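**Student:**
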Amino acid sequence: MKKQGFETRVLHTSYEREDVYGALAMPVYNTAAYEFETAEAMEAAFCGRTADHAYSRITNPTVQHFENCIRSVTGALGVTALNSGMAAISNALITVAYAGSNVVTSSHLFGNTYSFLKNTLAAFGVECRCCDLTNMDEVRAQVDEHTCALFLEVITNPQLEVADLKKLAAIAHEKGVPLIADTTVVPFHVFQADKFGVDIEIVSSTKYISGGATSIGGLIVDYGSFDWSRSQKLAGMSRDFGKAAFATKLRKEIHRNLGAYMTPQVAYMQTLGLETMEVRYARQAGSCLQLARGLQDLDGIESVNYTGLESNPFYLISKEQFGSLPGAMLTFDLASREDCFRFMNRLKLIRRATNLFDNKTLVIHPASTIYGSFSPEQRLSMDVSDKTIRLSVGLECPDDLLEDIKQALG
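First residue of the sequence shown? That's 173 in the working numbering, and the numbers climb one at a time after it.
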């Protein structure tokens with residue numbers, strides 16, 4: 173029987189090996205090492221001639237099952253599960269970057285992602301080129317023969333900017349560059365990244381997938397769509413591994429050497445979270461749209477930013493790429509930083525915390541927290557305003573959330 177539905181494919185992804193007890197949930201393999209019957213079998217596993225597990229920093233049966241679930245619902249060539257979203261970003265970019273190369277991106281990035289590109293990678297000779305990714309002429313001018321990746325967030329956090337992915341993919345592929353996208357804000361069943369030209373997808377599985385912020389994790393999803401013979405770093409591997417050159421470099425070298433593989437306990441929890449993600453997302457994103465509409469009518473709120481609102485400047489491209497419910501995160505502006513703090517301190521139901529897509533609704537003032545170590549000039553260049561509040565909408569009754577916001581506004 174062909175499994176069509178998202179939930180069906182998640183729930184019925186087969187185990188690599190049949191469980192001896194017939195367990196319906198993949199067991200947690202809390203082990204560092206694995207015994208081999210012979211020295212020859214051990215050699216074959218360590219040299220990659222068999223798929224046997226050798227050491228849990230490299231592969232683990234519980235983590236492998238989680239990766240296979242993601243492959244099942246995305247149709248990807250390869251999936252690598254790591255211990256955070258930042259680990260996924262760093263591992264993916266280090267796989268393609270080299271000294272003297274550059275990454276073309278936007279200044280509209282999550283704070284740590286921006287810091288990784290501008291500071292960490294720069295120290296190893298990789299240039300970060302920020303431009304307006306909604307301006308295709310500007311993008312085309314920045315991409316050159318040393319560009320190793322065109323990287324972006326599909327809905328930026330917290331600016332909520334949406335670029336045209338098909339147009340970006342066309343420029344990237346014309347110039348022989350992979351399009352790498354952080355798609356955390358919109359999950360797999362809503363947004364099929366490969367259909368819009370994304371070659372490598374990055375996801376913080378801490379968010380929707382974990383099922384209520386139970387654990388930290390990240391995913392690198394390789395669709396096998398890019399011709400790696402055009403990559404200066406991976407052209408040699410492309411001759412031997414073809415479309416799997418990126419996956420091979422990542423699995424055989426980068427993730428092994430950086431040591432950021434997901435733990436089996438996290439993989440177990442995130443597999444369970446994945447099983448309920450679709451139903452949770454429908455509630456969260458639906459409530460987010462309802463709140464966005466309601467907030468527009470409240471005194472004290474200067475503006476509301478959610479790309480699902482018809483008044484939003486990115487509404488049309490957002491709807492084309494993500495449908496009518498583009499994520500469960502919105503922002504709104506108050507009159508000042510002081511008003512933002514006063515508002516947050518008066519909330520009674522909504523939690524003051526830094527995360528996205530928990531079961532509970534969370535609020536944060538990005539400028540003073542995520543971007544607190546950036547200078548005022550840097551925040552200005554990144555369009556991070558002192559007046560902006562970010563709201564991650566959870567599973568509560570949206571009417572209760574709106575009442576809490578109303579009373580906090582005073």
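Built from N, CA and C at the ideal position, the CB exists for glycine as well. Bear in mind that the values here come from a model prediction, so they are computed numbers and not experimental data.
Are M554 and S279 closer than 8 Å when you measure CB to CB?
**Tutor:** Against the sequence shown, residue 554 aligns to sequence position 382. Against the sequence shown, residue 279 aligns to sequence position 107. Taking 8 Å as the Cβ cut-off, M554 and S279 qualify as a contacting pair.
**Student:** Please report the distance separating the alpha-carbon of F557 from that of G283.
**Tutor:** Within the sequence shown, the letter at position 385 stands for residue 557. Within the sequence shown, the letter at position 111 stands for residue 283. For clarity, residue 557 is Ser in the given sequence; the question names Phe instead. Near 13 Å, if we compare the C-alpha coordinates of G283 and S557.
**Student:** Are there 16 or more other CB atoms within 10 angstroms of the CB of N329, so buried, or fewer, so exposed?
**Tutor:** Along the sequence shown, one-based indexing puts residue 329 at 157. Buried, since its Cβ has 16 or more Cβ neighbours within 10 Å.
**Student:** Who pairs with T378 in a beta bridge, going by DSSP?
**Tutor:** Locating residue 378 in the sequence shown gives position 206, counting from the first residue. Answer is none; T378 lacks a bridge partner.
**Student:** Given a cut-off of 8 Å on the beta-carbon distance, is the pair G445 and T526 in contact?
**Tutor:** Within the sequence shown, the letter at position 273 stands for residue 445. Within the sequence shown, the letter at position 354 stands for residue 526. Cβ atoms of G445 and T526: not closer than 8 Å.
**Student:** Helix, strand or coil for N329 per DSSP?
**Tutor:** In the sequence shown, residue 329 corresponds to position 157, counting from 1. It is coil, neither helix nor strand.
**Student:** For H537, does the count of other Cβ atoms within 10 angstroms reach 16, so buried, or fall short, so exposed?
**Tutor:** The sequence position of residue 537 within the sequence shown is 365, counting from 1. So H537 ends up on the buried side.
**Student:** In chain order, what residues of the same chain lie with their CB nearer than 8 Å to the CB of T285, ignoring the 5 residues before and after it?
**Tutor:** For the purposes of this step, residue 285 is taken as the residue at position 113 of the sequence shown. Hits under 8 Å: M258, I261, E325, D354.
**Student:** Using alpha carbons as the reference points, say which of N232, D309, Y433, I372 lies closest to S256.
**Tutor:** In the sequence shown, counting from the first residue as 1, residue 256 sits at position 84. Nearest option by C-alpha distance: Y433.
**Student:** Closer than 8 Å is the cut-off here; do at least three beta carbon pairs connect the stretch 344-351 with the stretch 235-251?
**Tutor:** As far as the Cβ criterion goes, the stretch 344-351 does not touch the stretch 235-251, which means the pair count is below three.
**Student:** Applying the 10 Å Cβ sphere with the 16-neighbour rule, what's the burial state of A507?
**Tutor:** Position 335 of the sequence shown, counting from 1, holds the residue named residue 507. A507 should be labelled exposed.
**Student:** Shortest alpha-carbon distance to Y478 belongs to which of V334, D471, L567?
**Tutor:** Here residue 478 refers to the residue found at position 306 of the sequence shown. Comparing Cα positions, the closest option is V334.
**Student:** Within the same chain, show all residues whose beta-carbon is closer than 6 Å to that of S401, passing over the 5 residues directly before and after it, in chain order.
**Tutor:** In the sequence shown, residue 401 corresponds to position 229, counting from 1. Same-chain partners within the cutoff: A407, S410.
**Student:** Confirm, please, whether the CB-CB distance from I327 to G499 is below 8 Å.
**Tutor:** For the purposes of this step, residue 499 is identified with residue 327 of the sequence shown, where counting begins at 1. For the purposes of this step, residue 327 is identified with residue 155 of the sequence shown, where counting begins at 1. Cβ atoms of G499 and I327: closer than 8 Å.
**Student:** Quick one: does A295 have its CB under 8 Å from some CB of chain D?
**Tutor:** Here there is only one protein chain, and chain D is not present.
**Student:** Could you name the residues of the same chain whose beta carbon sits closer than 7 Å to that of L574, not counting the 5 residues immediately before and after it, in chain order?
**Tutor:** The count along the sequence shown starts at 1 and reaches residue 574 at position 402. Excluding sequence neighbours, L574 sits near L463, G466.
**Student:** Please return the same chain residues whose Cβ sits closer than 6 Å to the Cβ of T503, not counting the five positions on each side in sequence.
**Tutor:** To locate residue 503, count along the sequence shown from 1; it is residue 331. Here the set comprises P330, N477, T560, R562.
**Student:** Which one or two residues does DSSP pair with D505 in a beta bridge?
**Tutor:** Position 333 of the sequence shown, counted from the first residue, corresponds to residue 505. S475, T560.
**Student:** Where I489 and V357 are concerned, what is the direct C-alpha to C-alpha distance, given to the nearest angstrom?
**Tutor:** Along the sequence shown, one-based indexing puts residue 489 at 317. Along the sequence shown, one-based indexing puts residue 357 at 185. Rounded to whole angstroms, I489 to V357 spans 15 Å at the Cα level.
**Student:** Would you report the Cα separation of R181 and A313, rounded to the nearest angstrom?
**Tutor:** Locating residue 181 in the sequence shown gives position 9, counting from the first residue. Locating residue 313 in the sequence shown gives position 141, counting from the first residue. Cα to Cα, R181 sits roughly 42 Å from A313.
**Student:** Starting from the Cα of T541, find the closest Cα among D530, G566, R509 and give me that residue.
**Tutor:** Here residue 541 corresponds to residue number 369 of the sequence shown, with the count starting at 1. Selected option, being the one with the closest Cα: R509.
**Student:** Should G390 be labelled buried (16 or more other beta-carbon atoms within 10 Å of its own) or exposed?
**Tutor:** Position 218 of the sequence shown, counting from 1, holds the residue named residue 390. Under this definition G390 is a buried residue.
**Student:** Use the C-beta contact count for F360: other C-beta atoms within 10 angstroms, 16 or more gives buried, fewer gives exposed.
**Tutor:** On the sequence shown, residue 360 is found 188 positions in, with the first residue counted as 1. By the neighbour-count rule (16 or more Cβ atoms within 10 Å), F360 is buried.
**Student:** Where does the unbroken alpha helix (DSSP H) through V311 begin, and where does it stop?
**Tutor:** Translated into the one-based positions of the sequence shown, residue 311 becomes position 139. Looking at the DSSP string, the run of the alpha helix (DSSP H) that includes V311 is 308-314.
**Student:** Less than 8 Å separating the beta-carbons of D511 and G566?
**Tutor:** The residue labelled residue 511 in the question sits at position 339 within the sequence shown. The residue labelled residue 566 in the question sits at position 394 within the sequence shown. In this structure, G566 does not lie closer than 8 Å to D511 by Cβ.
**Student:** Alpha carbon to alpha carbon, how far is S206 from D412?
**Tutor:** What you label residue 206 is simply residue 34 of the sequence shown in a count that begins at 1. What you label residue 412 is simply residue 240 of the sequence shown in a count that begins at 1. According to the sequence displayed, residue 206 carries Tyr and not Ser. Going from the Cα of Y206 to the Cα of D412 covers about 29 Å.
**Student:** Using the Cα positions of E535 and F323, report the straight-line distance between them to the nearest angstrom.
**Tutor:** As a working mapping, residue 535 is identified with position 363 in the sequence shown. As a working mapping, residue 323 is identified with position 151 in the sequence shown. Residue identity differs from the one stated: residue 535 is Val in this sequence, not Glu. Taking the straight line joining both Cα atoms gives about 27 Å.
**Student:** If distances are taken between C-alpha atoms only, which option among L332, V192, V451, D316 comes closest to F486?
**Tutor:** Indexing the sequence shown from 1 puts residue 486 at position 314. Comparing Cα-Cα distances from F486 to each of L332, V192, V451, D316, the minimum goes to L332.
**Student:** What does the alpha-carbon distance come out to for the pair A457 and Y543?
**Tutor:** Your numbering for residue 457 matches position 285 in the sequence shown. Your numbering for residue 543 matches position 371 in the sequence shown. Cα-Cα distance, rounded: 25 Å.
**Student:** Would you tell me roughly how many angstroms separate the C-alpha atoms of Q176 and G297, rounded to the nearest one?
**Tutor:** The residue you call residue 176 lines up with position 4 of the sequence shown. The residue you call residue 297 lines up with position 125 of the sequence shown. Going by the C-alpha atoms only, they are around 46 Å apart.
**Student:** The beta strand (DSSP E) spanning N274 covers which residue range?
**Tutor:** Position 102 of the sequence shown, counting from 1, holds the residue named residue 274. Here the beta strand (DSSP E) through N274 covers 274-277.
**Student:** Could you check where the beta strand (DSSP E) with L552 kicks off and where it finishes?
**Tutor:** One-based indexing of the sequence shown puts residue 552 at position 380. Looking at the DSSP string, L552 is not in any beta strand (DSSP E); the run it does join, the alpha helix (DSSP H), is 548-553.
**Student:** How about D576 and L521: do their beta carbons lie closer than 8 Å?
**Tutor:** As a working note, residue 576 is residue 404 in the sequence shown. As a working note, residue 521 is residue 349 in the sequence shown. Against a cut-off of 8 Å, the Cβ pair of L521 and D576 comes out as a contact.
**Student:** For D571, which option in S483, C460, E474, D505 has the closest C-alpha, if you only look at C-alpha atoms?
**Tutor:** In the sequence shown, residue 571 corresponds to position 399, counting from 1. Closest option to D571, Cα to Cα, is C460.
**Student:** List the whole-angstrom C-beta distance separating A439 from A253, where the pair is believed to meet the contact cut-off of C-beta under 8 Å.
**Tutor:** As a first step, residue 439 must be located in the sequence shown, where it is residue number 267. As a first step, residue 253 must be located in the sequence shown, where it is residue number 81. That pair is a contact at about 6 Å.
**Student:** Comparing C-alpha positions only, which one of L519, E310, A264 sits nearest to L289?
**Tutor:** As a working note, residue 289 is residue 117 in the sequence shown. Ranking L519, E310, A264 by Cα distance to L289 puts A264 first.
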